[in-house]
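Have a look at the structure below, then the notes.
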Amino acid sequence: MFARNVSVHLKYNMLSEYGHVFESKILPLLRKQKGFRDEITFARPGGVDVMAISLWDNKADAEAYNTNTYPEVLKAFEKVVDGSPKVETCEVISSTSHKLTYPVHA
């Protein structure tokens, strides 16, 4: 499994609008993506910093999303996000919510 960690800084008082845009525009896009598994978004109540972690079957699916759909996501969020989001990627080592299988290395 592969993860994309996206950190964004919101414009003042835009947390509620961020949530609305995510639910109405972004989540439907994510659900159509090959390999998409889950999305977890974190923010402090009334805060301006958001961290979103999306989980993917593999790196190739996450990269395809990044190339083909993520520009549309950025455009949908441009009225609520201040500056450019920071994106980091990594392999998922463990998850209590997802069954993971790992290849055996000799």
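For any residue, its number in this note's numbering is found by taking its place in the sequence shown, counting from 1, and adding 155.
C-beta atoms are modelled at their ideal positions from N, C-alpha and C, and glycine is treated no differently.
In this text, all values refer to a predicted model and were calculated from it rather than measured experimentally.
By the beta-carbon neighbour count (other beta carbons within 10 angstroms, threshold 16), Y220 is buried.
Taking the C-beta atoms as reference points, A158 is found nearer than 7 angstroms to V247. When DSSP states are grouped into helix, strand and coil, D216 belongs to the helix group.
In this structure, G238 is the residue among G238, I181, T244 with its C-alpha nearest to the C-alpha of V163. Given a length threshold of 4 residues, each whole run of the alpha helix (DSSP H) inside the region 174-202 is given here in chain order: 182-186.
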